[in-house]
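Each step along the sequence shown adds one to the number in numbering that gives the first Met the number 0, with nothing skipped, and position 108 is 107.
Shown next, in C-alpha cells, is the structure this report addresses.
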Amino acid sequence: MESIDATQSLKQLEEECKKADLPLKQSATNLVFGKGNPNADIMFVGESPGNNEDLQGMPFVGAAGKNLDKLLNTVGLSMQDVYIANILKYRPPQNRPPQEEEIRAHTPWLIKQIKEIKPKVVCSLGNYATKFFLSGLNPEKMKNQPGITQIHGKVQDIEFEGMKFKLIPLFHPAAIIYNRALITLWEKDMEIVKEITNKKQ
Ligand code: URA
0 MESIDATQSL
10 KQLEEECKKA
20 DLPLKQSATN
30 LVFGKGNPNA
40 DIMFVGESPG
50 NNEDLQGMPF
60 VGAAGKNLDK
70 LLNTVGLSMQ
80 DVYIANILKY
90 RPPQNRPPQE
100 EEIRAHTPWL
110 IKQIKEIKPK
120 VVCSLGNYAT
130 KFFLSGLNPE
140 KMKNQPGITQ
150 IHGKVQDIEF
160 EGMKFKLIPL
170 FHPAAIIYNR
180 ALITLWEKDM
190 EIVKEITNKK
200 Q
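This is how it looks when you write it as C-alpha cells:
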C-alpha cells in the first residue's frame with residue numbers, strides 16, 4: 000500500500016477536525032489547526048489562538064508569531080524547519096485561559112497531529128503547554144507542575160499517549176518580546192534543540 004505523506008494526512012485530519020463539534024467552535028471565526036513543515040523534526044506547541052490567528056485560521060500570525068519568526072531567524076531556522084500547533088484549536092473568547100473540558104475535547108486532535116508528524120523534539124511554548132505535556136493529560140495535575148523559568152531548555156524524555164519524544168520547554172515568544180536576557184536564554188535553548196535534531200540516530 001502506498002504510504003501517505005504527512006502533508007496529505009494532516010490535510011485530511013484538518014478537514015475532519017473542521018467537521019468535529021468542539022467547544023469554542025461557535026464563538027470562533029476559524030479553526031486554527033497548524034502550519035509549517037509536516038515532515039519537520041521539531042514541533043512547537045503553543046497555548047491557544049489569539050485574535051489574528053482566529054481571523055486568519057493560522058497559528059502564530061499575530062505579534063507572537065512575528066516575534067517567533069524573528070527568533071527562529073536568529074538561530075538560523077525558519078518555519079520550514081518546524082511544525083507549529085496549539086493545544087486549543089479554536090480561540091477562547093477574550094483569550095481567557097483554556098478550561099478543562101476544552102482541553103479534554105481539543106487535545107485528541109493535537110495528539111493525532113503529533114502522531115502524523117513524529118517529531119524528534121517537541122518544544123512546548125510557555126508555561127501552559129509545558130504543564131500540559133508534563134501532566135499527562137490530567138488537567139488536575141497541571142496545577143502542580145514546575146514553571147517555565149525553572150525548566151526551560153531542560154530536555155525531558157517523555158512517553159505521551161503511546162509516543163516517545165524529547166520535550167524541551169521554551170519561553171513563549173510573546174513573553175520575551177522586550178526582554179533581551181530572556182531572548183538570549185531562548186537562543187541558547189534552541190541550540191540544544193538544534194543539536195538533538197541534527198544528531199544521527
Ligand atoms: N499564542 C499562542 O500560544 N498561539 C498562537 O497561535 C498565538 C499566540
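Where is the CB? At the ideal position from N, CA and C, for every residue including glycine.
Quick caveat, the model's predicted, so the values are computed rather than measured.
Presumed contact (8 Å Cβ cut-off) between residue i and residue j, rounded CB distance
{"i": "Ala174", "j": "Gly125", "result": "6 Å"}
{"i": "Val81", "j": "Phe43", "result": "5 Å"}
{"i": "Val154", "j": "Ile41", "result": "That pair is no contact at about 13 Å."}
{"i": "Leu109", "j": "Trp185", "result": "Their Cβ separation, rounded to whole angstroms, is 22 Å, which puts Leu109 and Trp185 out of contact at 8 Å."}
{"i": "Val31", "j": "Lys88", "result": "6 Å"}
{"i": "Phe159", "j": "Phe132", "result": "6 Å"}
DSSP-derived helix/strand/coil call for residue i
{"i": "Ala27", "result": "coil"}
{"i": "Tyr82", "result": "strand"}
{"i": "Gln11", "result": "helix"}
{"i": "Glu194", "result": "helix"}
{"i": "Phe132", "result": "helix"}
{"i": "Gly161", "result": "coil"}
{"i": "Lys111", "result": "helix"}
{"i": "Gly125", "result": "helix"}
{"i": "Ile116", "result": "helix"}
{"i": "Glu76", "result": "Just to set this straight, residue 76 is Leu in the shown sequence, not Glu. Of the three classes helix, strand and coil, the one that applies to Leu76 here is coil, per DSSP."}
{"i": "Asp40", "result": "coil"}
{"i": "Gln144", "result": "coil"}
{"i": "Asp156", "result": "strand"}
{"i": "Leu87", "result": "coil"}
{"i": "Gly64", "result": "helix"}
{"i": "Leu71", "result": "helix"}
Own chain partners of residue i with C-beta closer than 6 Å, once the 5 adjacent residues on each side are dropped
{"i": "Lys114", "result": "none"}
{"i": "Tyr127", "result": "Glu46"}
{"i": "Ser8", "result": "Glu115"}
Close-in-space but distant-in-sequence residues of the same chain around residue i (CB under 8 Å, 5 per side omitted)
{"i": "Asn50", "result": "Gly61, Arg90, Asn94"}
{"i": "Pro138", "result": "Glu99, Ile102, Arg103"}
{"i": "Ser2", "result": "Unreliable placement is indicated for Ser2, whose pLDDT of 49 sits below 50; no coordinate value is reported for it."}
Top-ranked residue by Cα proximity to residue i, from the options
{"i": "Asp4", "options": "Glu99, Gln112, Glu46", "result": "Gln112"}
{"i": "Lys142", "options": "His151, Gln98, Lys130", "result": "Lys130"}
{"i": "Gln25", "options": "Ala39, Asp53, Asp68", "result": "Asp53"}
{"i": "Ile191", "options": "Arg179, Leu133, Pro168, Gln7", "result": "Pro168"}
{"i": "Pro22", "options": "Ile86, Gln79, Met57, Ala63", "result": "Ile86"}
{"i": "Pro48", "options": "Asp68, Pro107, Ala27", "result": "Ala27"}
{"i": "Ala84", "options": "Ile157, Glu13, His151, Gly152", "result": "Glu13"}
{"i": "Ile6", "options": "Phe59, Asn29, Gln79", "result": "It is worth fixing the name first, because residue 6 is Thr in this sequence and not Ile. Here the closest residue by C-alpha is Gln79."}
Cβ neighbour criterion (16 or more within 10 Å) applied to residue i
{"i": "Pro37", "result": "buried"}
{"i": "Thr148", "result": "exposed"}
{"i": "Asn66", "result": "buried"}
{"i": "Lys34", "result": "buried"}
{"i": "Ala19", "result": "exposed"}
{"i": "Pro97", "result": "buried"}
{"i": "Met189", "result": "buried"}
{"i": "Ser123", "result": "buried"}
{"i": "Gly64", "result": "buried"}
{"i": "Pro92", "result": "exposed"}
{"i": "Ala180", "result": "exposed"}
Any non-hydrogen atom of ligand 3 within 7 Å of residue i CB
{"i": "Asn85", "result": "Ligands in the displayed structure: ligand 1; ligand 3 is not one of them."}
Other residues of its chain near residue i: CB distance less than 7 Å, five sequence neighbours each side excluded
{"i": "Gly146", "result": "Asn126"}
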